[in-house]
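What follows is one structure encoded as structure tokens, with my remarks underneath.
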Ligand SMILES: Nc1nc2c(ncn2[C@@H]2O[C@H](COP(=O)(O)OP(=O)(O)OP(=O)(O)O)[C@@H](O)[C@H]2O)c(=O)[nH]1
Ligand SMILES: [Mg+2]
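Numbering (the working numbering), first residue to last: 339 to 550.
Next up, the structure:
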């Protein structure tokens, strides 16, 4: 590599955000990346890619976030969704039983196609709605039971893209967990021009469709 070539980050972590249509994946990501929320977002078609670079533990981390389509007809293949991903955020809507039941499908896809090393977090979104009296919500017990059935899920977070709750925490914790793992795997020295890509290679970047 050219000694003077500086990509501006030390690590590149690919994160796939998956879950049923309408659970709020795109808004969770836009909240994290650009602090924006929209009430009438269009369904994601195929996938979008966003990059967010930030400082963590003395390193510059580039989180390359894959915003995937929940609608069946717009979905990309699981092989593509999970290729080289270091982290997966599995999202459901706390007020939607269908989206909670949909987790069974997504977790199967993870078992089939995701790298064994991927760190998996579960996020219940739309908690702002859960506060409205009489609203149906998935209970903590049901969520814990789901996690017990699927120990690959490392952590659970509560979020609201609308109210900007729990989102920074989710991405930060995921990036920290991946970074810790990478540091244990390969001794890393903070050094300009030295980029480490976790479970990722450059061929994957060719699939980049959109960057926000
Ligand atoms: N009340 C509330 N609405 C939300 C929240 N997050 C997303 N929404 C709304 O839910 C709808 C769907 O949000 P999206 O972010 O497009 O959902 P998605 O999971 O990306 O959907 P697909 O791209 O079709 O898979 C939009 O109308 C959002 O405004 C939230 O935290 N609270
Ligand atoms: Mg979307």
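All residues carry an ideal CB built from backbone N, CA and C; glycine is no exception.
Residues bridged to residue 496 by DSSP?
Sequence index remark: in the chain shown, residue 496 carries index 158 (1-based). Paired residue(s): 462.
Can you say whether residue 529 is buried or exposed, counting buried as having 16 or more other CB atoms within 10 angstroms of its CB?
Taking the first residue of the chain shown as position 1, residue 529 is located at position 191. Because the pLDDT of residue 529 is 47, which lies under 50, any placement of that residue in the model is unreliable, and the question is left without a value.
Residue range of the alpha helix (DSSP H) that includes residue 377:
Position 39 of the chain shown, counting from 1, holds the residue named residue 377. It is not in any alpha helix (DSSP H) - residue 377 carries neither H nor E in the DSSP assignment.
Residues with C-beta closer than 7 angstroms to any heavy atom of ligand 2, in chain order
Taken from the N-terminal end onward, the list reads 363, 364, 379, 381, 382, 405, 407 and 408.
Grab the span of the beta strand (DSSP E) containing residue 445 for me, first residue to last.
Your numbering for residue 445 matches position 107 in the chain shown. Where residue 445 is concerned, there is no enclosing beta strand (DSSP E), although the alpha helix (DSSP H) around it starts and stops at 441-451.
Do you know whose CA, among 512, 485, 383 and 399, lies nearest residue 455's CA?
If you number the chain shown from 1, residue 455 lands on position 117. Checked all of 512, 485, 383 and 399; the closest Cα to residue 455 is 512.
By the DSSP assignment, the alpha helix (DSSP H) with residue 433 in it spans what residues?
Taking the first residue of the chain shown as position 1, residue 433 is located at position 95. Looking at the DSSP string, residue 433 is not in any alpha helix (DSSP H), and its letter there is neither H nor E.
Whole angstroms is fine: what's the gap from residue 499's alpha carbon to residue 463's?
Here residue 499 corresponds to residue number 161 of the chain shown, with the count starting at 1. Here residue 463 corresponds to residue number 125 of the chain shown, with the count starting at 1. About 7 angstroms.
How close, in whole Å, do the beta carbons of residue 401 and residue 351 come, if the pair is a contact with beta carbons under 8 angstroms?
Against the chain shown, residue 401 aligns to sequence position 63. Against the chain shown, residue 351 aligns to sequence position 13. Confirmed, Cβ separation roughly 6 angstroms.
May I ask whether a heavy atom of ligand 1 can be found less than 7 angstroms away from the beta carbon of residue 469?
Working through the chain shown from its first residue, we reach residue 469 at position 131. No, the beta carbon of residue 469 sits no closer than 7 angstroms to any heavy atom of ligand 1.
How far does the beta strand (DSSP E) with residue 402 in it extend, from its first residue to its last?
Mapped onto the chain shown, residue 402 falls at position 64. Residue 402 -> beta strand (DSSP E) spans 397-406.
At a threshold of 7 angstroms, does residue 499 count as lining ligand 1 (C-beta to nearest heavy atom)?
Here residue 499 corresponds to residue number 161 of the chain shown, with the count starting at 1. Residue 499: yes, Cβ under 7 angstroms from ligand 1.
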